[in-house]
Each structure stands twice: as structure tokens, then as C-alpha cells.
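Chains as they are written, first to last, in my numbering: chain A, 1 to 251; chain B, 1001 to 1251. C-beta: ideal position from N, C-alpha, C; glycine also. Remember, it's a predicted structure, so these values are computed and weren't measured experimentally.
There are 2 protein chains.
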Amino acid sequence: MPDRDTPQARRGAASVLPAGPPGSDRAGLDQRRVLGSAVEFIDEHGLRELTMRRLGAHLGVEAMALYRYVPGREALLDGVVEVVVDELYGDPDVHLEATGGWQDYLQRLAHGLRRIALAHPEVFPLVATRPPAAPWVRPPLRSLRWIESFLRAMTSSGFSDDAAAAAYRAFSSFLLGYLLLEISGKGVETGPVDEPDVPATTDLAPYPTLRRLEPLLSQDRAAEDFELSLEALLERMELLLPPRRRPRRKS
Amino acid sequence: MPDRDTPQARRGAASVLPAGPPGSDRAGLDQRRVLGSAVEFIDEHGLRELTMRRLGAHLGVEAMALYRYVPGREALLDGVVEVVVDELYGDPDVHLEATGGWQDYLQRLAHGLRRIALAHPEVFPLVATRPPAAPWVRPPLRSLRWIESFLRAMTSSGFSDDAAAAAYRAFSSFLLGYLLLEISGKGVETGPVDEPDVPATTDLAPYPTLRRLEPLLSQDRAAEDFELSLEALLERMELLLPPRRRPRRKS
DNA sequence: ACCTGAACACCGTTCAAGT
DNA sequence: ACCTGAACACCGTTCAAGT
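Shown next, in the form of C-alpha cells:
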């Protein structure tokens, strides 16, 4: 399912995984099929349930067969992260780097990553926390090609190298925090159904302010928050431009 | 080690764990000792290594003995998160809610959480990704008492309920993204030592901008970034105040 | 009251063996 | 060339039994 229409998408970015046998494409396994199936499995049952043996069963094969295509469970998870992040290449809304300037590009990039997080909420914590391959790989922008694309868009828009690097750090921090919290707020109350007679609702009596604001805090403002904070971030980035290229702020 | 000098710290916030036997305090186990030991173990060996059996050995006991004090591994991890977050209660720099106004309070709160993240980098991903008990519990501010404290500080400083809630959401997103990325940048290059003759350095030739900025991106700017972005966040929060309470911006 | 031994079902992973 | 069966070391968890 993922990684559509990008023949050598996984080839460009130094893949975490060895190549594996070339896709015989018809019957039989395939690294792409294994990884895609793993993503599917996590989307459906959650990361906790993913097991080499169960993934094998999901593919109609014994667990041991997977080791032909993946060095082990850890590498499988790395591959899952890679596949999900690579879905960005198939997103038509994100392509074409600089048709509308850097702000437009960063907007589309941010929204593309948000779509990925919302499409794979069970995978995203993995995207967020797997140790990156290099210190300058900052989740959720874990693909060398997108990092390159980001930095080129900024520098070619007039940002200094320092400013582009600072923008990259701010952008990744913003996305990581926002998206992780958005999906965490989503997944609550799902899971094993416990005693329905004990509502498990915490007693808020000792916390009067919290109790008063509780209905307010339970509202889902993720979409608006995302737009507004992204807008604010872009405005703050604008200040990193050399003064000549910075449009006068209306006030 | 954690949870020092706060006798009933874990009593106020609805604990995830049942009480367990009262601490006989001398020899023998104790829920506090089990959780504290787990934190210690993760700090030392990483989350991946933590096993009921190994934690038992670490405490000089068989794994099965732990089940007297903890319902299972999942609850143990919840307890670990709770213990680490509760360290905030022992931080003398964070206490006293509003001596210097809300900005000063949020500064100290943010720095306190940053100290925790840096002190327990192996635990922090757990703080970030464990499913919260309620939708309005937003990591890394996972303690009802601190959420209450935050909201009270804001509302009593003139923020409307809506503004306080928005500030809470923005503050938690900021901290989560920043701290998670700071510790992720720290932990890289540690772990199993592979082939030292193959430096595993990715070939950056296809990514010229990245290659040019690589030394810049490898610098550790976490501390400065944190200060500056926190400052910017607080300034943005100021705009949520009703105009009368908002000091005139200089310039 | 607290801990242990033995047992159960299930992991990840290796490897010789099948086809 | 690709998959499997059997095996190994190790999990989390239960429970009757020890002290």
C-alpha cells in the first residue's frame, strides 16, 4: 500500500536495510511486501501486537521465512518507519519545491507529514522515537532527501546557512511535538474494555481549575492549533531572513 | 533515588498503581523501591534491557516477587513514568507558583522538565509516548497536580479559560517536541559498537546542501534553541491576554 | 506475609533439513 | 532459491508450595 508510484524511492536515501532478493513481483515474498504488511499490521492491531511470528502468519508463512528479507525485528521496525515516512513521496500536494515560495512549501510539507501521522497513528510514535542514523536527522523529517529538499528551499530563498539550519531545527521540533500530541489525544479511550461499571474517571475534586476547564480541555482543537502555530512559526522564521528580503510587517 | 522528600507525592495525583503493601522500610521490597530500581535500571542499561526477570535480579530477588508490588510489566512502566515526572516535586527551582508572574513560573517549569529529560534520557521517550490516562493529559506534563498548577497560574494572571487552555496545549507541544529531539540528538552514536573499519557514515554526495551544512547541523544548539523558542512562545502567549493587561511592546 | 520453583504459553533467532 | 521443523535461550505471568 505505501510507497506507490516511486520506483526507486527507497534507493536514494541510504536505506537502513540490505537489499534482499530482487522483487520477483508475482507470488512469494519480497521486502516491500514484508514491510508493507508490517505497516498494515501495526495500523490494524497496534505496535504491541506485532510479532515476527504473527507477521509471518499475516503473510501466510512461518516467521522464519521473514529473515530472508529483514535481518531481524529491529531492522523491521526501522524499515516500517522508512516506508511510512517515504509515503511523502507519493503525496501530490507536497511536490514541486518552490512554486509558492518557502512559506508555501513548508506549509505543504507540514501538512503532508500531518496526514502521515493521522494515517498511521500507531506507527508515528516509532517515527518519533527510533534512534536516528545521524545526529542531524531529526524526526519526523527522517529522510535525507526531504532534509536536503528543506535546506535547499530555504537557502535558495535567501536564508543564510545558519538561518536554514535553525529553521530546520525549529520546524522539526514543532512537528514532532504537535503531531505526537495530536495522535496521543486521539488514541485515548481505545484499547481493552475494562469494567464498564467503574468509569475509571479520575476524581477531579482536588483540582478545581482543572475540573472547571475540563470540558474546554477535552475539545479537539488540534486542527486549528496546528494551523495557527504553524503560521506563527513561519512568521518567526521570516525574521531570520536578511532585512532586505523581509517584507514590511503590516500592523 | 527519585521522589525524594515528598512523602505523599504519589498520593495526590491519582496513581496508576494500586497501593501495594505499606513500606516496611527496612529490609524487603516496597513499591517505591521497585519503581526506583526500575528507573535506575533504565537509566543505566536502557529501556530495551528492562525485563521483569532482570529487574528482579537487580533487586536480589526472583522476578515473581515483583508481582506483589506491581500488577505487571505495563503497570511497571506507567509507574516509572510517574516516578520520573514526580521528580518535579523535588525540584526547589520550580516551586512557588507565582512569585515572578506567569512568565517566570512557566520558565521555571520548562527548565525543570528539561532537567528531568536530560537526567533520564532513556526514560523520556516513555514519558512522551505512554498513552495518557485522559485526553487532556498532555505529556510531558503528565501530573494532575502540575496541570492544575499551570492552569491556575494562568487564569489567576488574567488569562481567560480559553486562553489558559490554549497556552497549556502550546506549552506541552513545545516541550514535548523540543525535549524529545534534544535527547534523541544526544543518544546517537551510543549503543552496540559495530565494525569500526566501516564508519557507517552515509554518503552525502547526492545531497549537496546537506553536505555543505553538515558541520553546522552537527553542532549542539539545544540549549540556546530552547531558551529562544521558549522566549518566543511566552511572547506569543502574552498576546492571549486581554489587551488591558498586556504591556505595550517596545519598538 | 513474603518469596520461590515449576510450569505455561509465547517470544526472537539459528540452522540443518526439506522441496 | 525459498521455506520449514526443530531447537535454544529467553520472555511475562500464574499458582501451588515453601518458610
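In whole angstroms, what is the alpha-carbon distance linking residue i and residue j?
i       : j       : result
A/A119  : A/R236  : 29 Å
B/Y1105 : B/F1150 : 9 Å
B/R1244 : B/A1165 : 20 Å
A/L175  : B/E1062 : 43 Å
A/G36   : A/V83   : 7 Å
A/I42   : A/R54   : 11 Å
B/T1129 : B/P1139 : 8 Å
A/L213  : B/G1101 : 21 Å
B/H1095 : A/G177  : 25 Å
B/P1131 : A/K186  : 10 Å
B/E1044 : B/T1051 : 13 Å
A/S229  : A/G60   : 46 Å
B/S1173 : B/L1204 : 32 Å
A/Y89   : B/Y1207 : 16 Å
A/Q219  : B/E1224 : 34 Å
B/E1238 : B/A1232 : 10 Å
B/S1157 : A/Q107  : 34 Å
A/E266  : B/F1226 : Coverage of chain A is limited to positions 1 through 251, which leaves residue 266 of chain A absent and any answer about it impossible.
A/H58   : A/L47   : 14 Å
A/E148  : A/Q103  : 16 Å
A/S143  : A/R33   : 21 Å
B/L1017 : A/V81   : 32 Å
B/E1254 : B/T1099 : Residue 1254 of chain B lies beyond the range of chain B shown here (1001 to 1251); nothing can be said about it.
B/P1135 : B/D1093 : 29 Å
B/L1141 : A/P121  : 21 Å
Taking residue i and residue j to be in contact with their CB atoms under 8 Å, please state how far apart those CB atoms are, rounded to whole angstroms.
i       : j       : result
A/V123  : A/V39   : 6 Å
B/V1085 : B/V1127 : 6 Å
B/G1056 : B/L1066 : 6 Å
A/T202  : B/A1133 : 7 Å
B/L1029 : B/R1068 : 7 Å
B/A1163 : B/L1240 : 4 Å
A/P125  : A/L180  : 7 Å
Between the Cα of residue i and those of the options, spot the shortest distance and give me the residue it belongs to.
i       : options                        : result
B/I1183 : B/A1222, B/F1159, B/E1227      : B/A1222
B/R1145 : A/S229, A/D220, A/E238, A/T209 : A/T209
A/P242  : A/S160, A/L179, A/L47          : A/S160
A/Q31   : A/L76, A/L47, A/H58, A/G46     : A/L76
A/D91   : A/Q107, A/V81, A/R115, A/E227  : A/R115
Count the other C-beta atoms from every protein chain shown that fall within 10 angstroms of the C-beta of residue i, then say buried if there are 16 or more, exposed otherwise.
i       : result
A/L217  : buried
A/M64   : exposed
B/P1215 : exposed
B/A1153 : buried
B/R1211 : exposed
A/R246  : exposed
A/P22   : Low per-residue confidence applies at A/P22: pLDDT is 47, beneath 50, and the placement is therefore not dependable enough to give any value.
A/E87   : buried
A/T155  : buried
If we count Cβ pairs, one from each stretch, closer than 8 Å, do we get three or more for the segment 159-179 of chain A versus the segment 1101-1120 of chain B?
no
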